[in-house]
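Read the structure below first, then the notes.
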Ligand SMILES: O=C(COP(=O)(O)O)[C@@H](O)[C@H](O)[C@H](O)[C@H](O)COP(=O)(O)O
Ligand SMILES: [Mn+2]
Ligand SMILES: [Mn+2]
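In the numbering used here, the protein residues as written are 66 to 399.
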């Protein structure tokens, strides 16, 4: 992977965001997702690379495109592994709520953890807290550490937690410390990455989300020097999701073992979830969010707002692009 890929990946997420944005607020989450998937795959197809999807829209028999193992790109050039979420926050897009975005992480071959379609307990925090907070500690302990390293009273901290039944106890514990809780319905990738930047009003992500999204978050935070740890969740009693109504803890452990994951309680550091020498995160806003604006359609152009975080040159690039339409007569400066 080299830096020429950065521009290509920017265009990949821009195109996916535009495609999904056309379906914002229509209440059609699957169609919004499918539009982003197709646009992402099409743009990836014209990149000179031997791309491979390691985290995608599902297994080959479930997903028509961007399935796990699918080869993307021209077939010649550098080997690149991808974790993609063409429409992260499908509900948010369908309901025209803030925070949906087209995202991907890219790394050299073998550079991304092949996260199974499981849940993951996550802890994301700013660079100042890296290695000081720990997913093995309690929320109370981690909030005390955050308060210390950030120089903020607990009541000045905002902890993002997904608004799920499984987090009832966690939310109560956080509140008992005096820290503020920001429950979110969807979109823990945005919340995790927001911890990597000061001024976003987000100081920590705690709780359980999807493991594939955890790898994408880890890639971004690794490049930013932020803190990210993940630990797979396999007990239906912990995940408390209807999707696992017929699953058992023992059955899930066996599934993980079949995937070659024997230490099912392992705590993964960001550098293990995104271990490649070169790692890139790319995201483009579908609806407005903490990291960037959403897609804006104008008569003579379409505007996208994106972020590329790269270990290649240790940079975070915020890019607003004006996609000029044929015969444009009037384009506002911004
Ligand atoms: O909120 C999310 C939705 O992702 P997507 O399906 O691509 O729109 C993700 O950011 C979350 O990480 C994850 O999907 C969610 O935490 C899963 O939890 P649940 O909804 O309880 O199954
Ligand atoms: Mn997602
Ligand atoms: Mn998605």
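For glycine and all other residues, C-beta sits at the position ideal for the given N, C-alpha and C.
* To do: Would you give the residue range spanned by the beta strand (DSSP E) that residue 82 belongs to?
  => Residue 82 sits at position 17 when you count from the first residue of the chain shown. Residue 82 -> not in any beta strand (DSSP E); alpha helix (DSSP H) instead, spanning 69-86.
* Assess, as a yes-or-no matter, whether the stretch 219-226 is touched by the stretch 194-202 under the definition of 3 or more beta carbon pairs within less than 8 Å. => No, because fewer than three Cβ pairs between the stretch 194-202 and the stretch 219-226 fall closer than 8 Å, the two stretches do not touch.
* residue 330: which of 320, 358, 298 sits nearest, CA to CA? -> The residue you call residue 330 lines up with position 265 of the chain shown. Closest by alpha carbon: 298.
* Give me whichever residues DSSP pairs with residue 170 in a beta bridge. => Residue 170 sits at position 105 when you count from the first residue of the chain shown. DSSP lists 148, 346 as partners of residue 170.
* Note the first and the last residue of the continuous alpha helix (DSSP H) segment covering residue 279. => Along the chain shown, read from residue 1 onward, the residue named residue 279 stands at position 214. It spans 276-289 - the alpha helix (DSSP H) in which residue 279 sits, taken as one unbroken run.
* **Counted within 10 angstroms of its Cβ, other Cβ atoms place residue 91 as buried (16 or more) or exposed** => Along the chain shown, one-based indexing puts residue 91 at 26. Residue 91 is exposed by the Cβ-count criterion.
* For residue 372: DSSP bridge partner residues -> Residue numbering aside, residue 372 sits at position 307 when the chain shown is read from its first letter. In the DSSP secondary-structure assignment, residue 372 is bridged to 348, 383.
* Would you check if the distance between the CB atom of residue 131 and the CB atom of residue 118 is smaller than 8 Å? => Your numbering for residue 131 matches position 66 in the chain shown. Your numbering for residue 118 matches position 53 in the chain shown. Contact: yes.
* **Backbone CA spacing between residue 388 and residue 374 [nearest angstrom]** => As a working mapping, residue 388 is identified with position 323 in the chain shown. As a working mapping, residue 374 is identified with position 309 in the chain shown. Each residue's alpha carbon lies about 22 Å from the other.
* Among 156, 154, 176, nearest to residue 147 - alpha-carbon criterion -> On the chain shown, position 82 is the one that residue 147 refers to. When C-alpha distances from residue 147 are compared across 156, 154, 176, the shortest belongs to 176.
* Spatial distance of residue 151 from residue 209 (CA atoms) -> Taking the first residue of the chain shown as 1, we reach residue 151 at position 86. Taking the first residue of the chain shown as 1, we reach residue 209 at position 144. Across the structure, residue 151 and residue 209 are spaced so that their CA atoms are roughly 36 Å apart.
* Which residues in the same chain as residue 345 place their Cβ atom closer than 8 Å to its Cβ, once the five residues preceding and following it in sequence are excluded? -> On the chain shown, residue 345 is found 280 positions in, with the first residue counted as 1. 66, 70, 71, 74, 170, 171, 172, 284, 288, 373, 374, 375, 376, 377.
* residue 316 to residue 264 span [Cα, whole Å] -> As a position in the chain shown, residue 316 is number 251, starting the count at 1. As a position in the chain shown, residue 264 is number 199, starting the count at 1. Cα to Cα, the separation comes out at about 43 Å.
* To do: If I'm right that residue 225 touches residue 270 with Cβ under 8 Å, what's the distance once you round it to whole angstroms?
  => The residue you call residue 225 lines up with position 160 of the chain shown. The residue you call residue 270 lines up with position 205 of the chain shown. With 8 Å as the limit, residue 225 and residue 270 qualify as a contact, their Cβ atoms being about 5 Å apart.
* To do: Consult DSSP for residue 94 and reduce its assignment to one of helix, strand or coil.
  => To locate residue 94, count along the chain shown from 1; it is residue 29. Assigned with DSSP and collapsed to three states, residue 94 falls in helix.
* Spatial neighbours of residue 334 within its chain, please: CB distance less than 7 Å, with the 5 preceding and 5 following residues excluded, ordered by chain position. => Position 269 of the chain shown holds residue 334. 294.
* **C-alpha gap between residue 149 and residue 137, whole angstroms** => By one-based count along the chain shown, residue 149 stands at place 84. By one-based count along the chain shown, residue 137 stands at place 72. A straight-line Cα-Cα distance of about 12 Å links residue 149 and residue 137.
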